[in-house]
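Enquirer: I am attaching a structure below and will ask some questions about it afterwards.
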Amino acid sequence: MSTFESLELRGVGRRFGGVDALAGLDLTIRAGEFVALLGPSGCGKSTALNCLAGLLPLTHGEILLDGRRIDTLPPERRGFGMVFQSYALFPHLSVEKNVAFGLQMQGVQRAEIDRRVRAAIELVKLGEHARKLPGQLSGGQQQRVAIARAVVLEPSLVLMDEPLSNLDAKLRLDMRTEIRRLHQSLGLTTIYVTHDQEEALSLADRLVVMREGRVQQVGTPDELYESPTSWYVADFMGYRNILPATVVSASGSEAVVELPGTGDDGGARLTGRAVGGLRAGDRVRVAVRPEDFAVAGSGPGPDGAAGEIGGTVAVVEYHGREHAVSVQAGDVMLHARSAAPPAVGGAVRLTAPVERVLVFPESLDAPVPQEVAA
Amino acid sequence: MTSRAGDAQRSTASLRHRLAERGIDPTLLLLVPGLVVAVALFVYPFSYGIGLTVQPTAAMQEQWGGGAFANYVAFFRDPFVFDSIGITMRLALPAALFNVLASIPVAMVLRHRFRGKRLLTSLLVLPITLGTVLTAQGLLIFAGRQGWLNRALLQAGLIDEPLQLVNNYLGVMFSLVITGFPFAFLLISSYLSGIDPSLEQAARTLGAGWWQRFRRIVLPLLAPGLATTFVLTFVLAFSVFPSARLVGDAMGSTRVMSLMAFRAFGEQNDYAMASTIALMMGAVELVVVVAVLGLRSLLYRGTTGGKG
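From first to last, the protein sequence lines stand for chains A and B. For the first sequence, position 347 matches number 370 in this note's numbering, and the numbering has no gaps at all. For the second sequence, position 207 matches number 200 in this note's numbering, and the numbering has no gaps at all.
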């Protein structure tokens, strides 16, 4: 197996007709790591992956493998495995021939090819389908062939471009576990592109959240989940309530904000944890997870609450153990969770603990991105 | 509705629905105008032509024997007529093969985006709009003994004698390439665009160089399209008539079957023999087409993953 110590991206950028699809990407990946690039479509994550694979030439920066420049090598000489969103299986070749393709290109001996192909097909549990054409397989099976084809070469780096986005919800969960299992058993360094935060959080050792071609935040799933540095990252990490607000007063790590459009006069007031320095009058975004909002009827609120927002229940969805509740508070729709379903149309108050209400500066261009050493 | 024993098995669907289940649908009526036209303009004349072939003239019967089949006997026995099959094949097969093979690299290169691609594609396809007669005339003016090309080469001192480029096999071949290439190029381009580009990218990441990508991935997926393109350009070239007469050697190396049919029809007023040659022309084409499509059926013909 070809291994390396570190893969280093230095100021990697790619311009398309005067627009930066990717700019100034600095990232160091250590052997065995599983890194997820997370962001909405058009954020540059797939561009970054294609640049790494060599399918797109860089316009800026360099990529170093153990200090050796590789961004000038064509993709066929980089020795990276890639799993495509569309799987890109060769439709005229059987499963085993698809998997054998890369080994044949390397001129591996026939007996050795047979042995490794069989092992790879067993690894993804497709033994009985080895002689079928890709068109005869289901989406999940095709995906497994694509993975087997990439890992059979024991590449130093596996690149995965939204490999699960074409699968249905249940299969996606199964395949997610499968990919994690493969990564743990083979220890292949993996870079995984996705727009699905759950996928990224559950698979990756480290996440890179991207926006408009630039890195917003880098960190472990835990760091990003608990301490997002911007409302943009918070939005990805499950803070479904992202509300524009104005700072009324700020002291130390706490800030009192006013949410215009909610409740009476200037709007409801909340106290929250300030992320970054804030001053009174600043325009901010307040982020709260639905599960942190407690739905209360009329009556005194709990102690230590950040304040409360009154509204009427608009939608209640049954989610098994709990109910997703949408509350119309003035002009804004808030999302909360509740064990007992409140009556639709009834008046409720939403409260949350102070430490669960995050207050971010509105601007996203602040120099927050941090390289977290693993 | 009263329930009777017999009704239990009978479908309750409407008559129209039940007919549709058996494949009979009122929308089939839309086929009628097309059928009428096809029968009037193709089936009837074609059958009439076949009928003509078994009504040989008295002279033919006397010369070749065979009764009603004298024309067929003549076709196979008369070397002057029979040899035209080989002559036509010698033109049509290489022309079709060249057009297909030359189109592949051009179409491959023109898949990429580059400045001037539209202009280049237009230039390559433009000859399709020229009639064969115009092409033939252009060739005569450009490449004839007194044409620009020969005069330029003579004056430049590159040749001592004018090159014989027209009024022979070569002239007809030029004309077949000029009219057939754009056609083959357009078809192959569209087949190529049907192949998902990520397949080649996948092959690249698996370590395949350009030749391996072409031979192992693109060519197998393109092959059925190449066979179809070959068949179509072959049929086009096989029925060559104007250029065989105008820029060819009509009584020698380019004495193609259509010329023989025309000779029987126009010069000898023997409609029956003309029909026989035309029919045999069709038969020869059919043999080649069936052979190629037979080979094609051995190839992979499923999806190629692209936009189709």
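Just so it is clear, CB atoms sit at the ideal spot from N, CA and C, and this is done for glycine as well.
With C-beta atoms as the reference, is A:Pro313 less than 8 Å away from A:His218?
Expert: Taking 8 Å as the Cβ cut-off, A:Pro313 and A:His218 do not qualify as a contacting pair.
Enquirer: Mind checking if A:Ser109 is an interface residue toward chain B, Cβ cutoff 8 Å exclusive?
Expert: It does; some Cβ of chain B falls within 8 Å.
Enquirer: Report yes if the CB atom of A:Pro384 is closer than 8 Å to the CB atom of A:Leu301, and no otherwise.
Expert: Going by C-beta atoms, A:Pro384 is nearer than 8 Å to A:Leu301.
Enquirer: With DSSP as the reference, please indicate the residues paired to A:Glu340 in a beta bridge.
Expert: DSSP, once it has assigned bridges, lists A:Ala347 as partnering A:Glu340.
Enquirer: With burial defined as no fewer than 16 other Cβ atoms inside 10 Å of the residue's Cβ, what is the status of B:Gln157: buried or exposed?
Expert: B:Gln157 comes out exposed.
Enquirer: Determine, for A:Met128, whether the minimum Cβ-Cβ distance to residues of chain B falls below 8 Å.
Expert: Yes, A:Met128 counts as interfacial toward chain B.
Enquirer: From the DSSP secondary-structure annotation, give me the bridge partner or partners of A:Ser361.
Expert: A:Ser361 pairs with A:His346.
Enquirer: Taking B:Leu32 as part of the alpha helix (DSSP H), name the residues at either end of that continuous run.
Expert: According to the sequence provided, residue 32 of chain B is Val. The question's Leu does not apply to it. No alpha helix (DSSP H) holds B:Val32; DSSP gives it neither H nor E.
Enquirer: B:Arg208 versus chain A: which residues are under 9 Å apart at the beta carbon?
Expert: Within chain A, no residue comes near B:Arg208; the closest Cβ sits about 12 Å away, beyond 9 Å.
Enquirer: For A:Ala375, go through chain B and note every residue whose CB falls closer than 9 Å to its CB, in chain order.
Expert: Within 9 Å Cβ-Cβ: nothing; A:Ala375 doesn't reach chain B, min ~46 Å.
Enquirer: Under the rule that 16 or more other beta-carbon atoms within 10 Å means buried, what is A:Gln166, buried or exposed?
Expert: Buried, because 16 or more other Cβ atoms sit within 10 Å of the Cβ of A:Gln166.
Enquirer: Out of B:Pro49, B:Phe135, B:Asp71, B:Val170, which one is the CA nearest neighbour of B:Leu117?
Expert: Among B:Pro49, B:Phe135, B:Asp71, B:Val170, the Cα nearest to that of B:Leu117 belongs to B:Val170.
Enquirer: Excluding sequence positions up to five away, which residues of its chain have a Cβ less than 6 Å from the Cβ of A:His346?
Expert: Counting only Cβ-Cβ distances below 6 Å, and skipping sequence neighbours, we find Val339, Ser361, Pro364.
Enquirer: Return the CA-CA distance between B:Lys110 and B:Leu103, expressed in angstroms with no decimal places.
Expert: If you take the alpha carbons of B:Lys110 and B:Leu103, they lie about 7 Å apart.
Enquirer: Between A:Gln203 and the rest of its own chain, which residues show a CB-CB distance below 6 Å, the 5 nearest in sequence each way excluded?
Expert: As written in the sequence, residue 203 of chain A is Arg, which differs from the Gln given in the question. Excluding positions up to five away in sequence, the list reads Leu226.
Enquirer: Looking at chain A, is there any beta carbon in it that lies within less than 8 Å of the beta carbon of B:Pro217?
Expert: No, no contact with chain A.
Enquirer: Do you know offhand how far A:Ala123's Cα is from A:Arg172's?
Expert: So the alpha carbons of these two residues sit roughly 7 Å apart.
Enquirer: Going by DSSP in three states, A:Met24 sits in which element: helix, strand or coil?
Expert: Per-residue confidence for A:Met24 stands at a pLDDT of 47, beneath the threshold of 50, marking its modelled position as unreliable; the derived number appears in the next sentence. If DSSP states are grouped into helix, strand and coil, A:Met24 belongs with coil.
Enquirer: Taking B:Pro213 as part of the beta strand (DSSP E), name the residues at either end of that continuous run.
Expert: It is not in any beta strand (DSSP E) - B:Pro213 instead sits in the alpha helix (DSSP H) that spans 212 to 231.
Enquirer: Could you name the residues of the same chain whose beta carbon sits closer than 6 Å to that of A:Leu30, not counting the 5 residues immediately before and after it, in chain order?
Expert: Answer for A:Leu30: Ile52, Leu88, listed in chain order.
Enquirer: Just the C-alpha distance for A:Val367 and A:Glu85, rounded to the nearest angstrom, thanks.
Expert: Each residue's Cα considered, the two are about 57 Å apart.
Enquirer: What number of angstroms, rounded off, separates the C-alpha of A:Asp43 from the C-alpha of A:Glu246?
Expert: In a straight line, the C-alpha of A:Asp43 is about 28 Å away from that of A:Glu246.
Enquirer: Pairing CB atoms from the stretch 76 to 86 of chain B with CB atoms from the stretch 238 to 254 of chain B, are three or more of them under 8 Å?
Expert: Contact holds: three or more Cβ-Cβ distances are below 8 Å.
Enquirer: So which residues of chain B does A:Pro186 contact, with C-beta pairs closer than 7 Å?
Expert: Under the 7 Å cutoff, chain B gives no residues; its nearest Cβ is about 13 Å from A:Pro186.
Enquirer: Out of A:Val371, A:Ser276, A:Leu205, state which residue places its alpha-carbon closest to the alpha-carbon of A:Leu146.
Expert: For A:Leu146, the nearest C-alpha among the options comes from A:Leu205.
Enquirer: Determine whether the beta carbon atoms of B:Thr172 and B:Pro213 lie at a separation below 8 Å.
Expert: It is not a contact, given that the beta carbons lie outside the stated cut-off.
Enquirer: Which two residues bound the contiguous alpha helix (DSSP H) that contains A:Asp137?
Expert: Start and end: 133 to 146.
Enquirer: Can the beta-carbon of A:Val311 be found closer than 8 Å to that of A:Tyr248?
Expert: No, Cβ-Cβ distance for A:Val311 and A:Tyr248 is not below 8 Å.
Enquirer: With a threshold of 8 Å between beta-carbons, can B:Gly202 be considered close to chain A, or not?
Expert: Chain A contact via Cβ: present.
Enquirer: Any residues in the stretch 72 to 83 of chain A with a beta carbon nearer than 9 Å to a beta carbon of chain B? Which ones, in chain order?
Expert: If the cut-off is 9 Å between Cβ atoms, the stretch 72 to 83 of chain A has Asn73, Ala76, Gly77, Leu78 near chain B.
Enquirer: Output the distance between the C-alpha atoms of B:Val159 and B:Trp141, rounded to the nearest integer angstrom.
Expert: In a straight line, the C-alpha of B:Val159 is about 13 Å away from that of B:Trp141.
Enquirer: Can you tell me whether B:Ile17 is buried or exposed? The criterion is at least 16 other CB atoms within 10 Å of its CB, across all chains shown.
Expert: Flag for B:Ile17 reads exposed.
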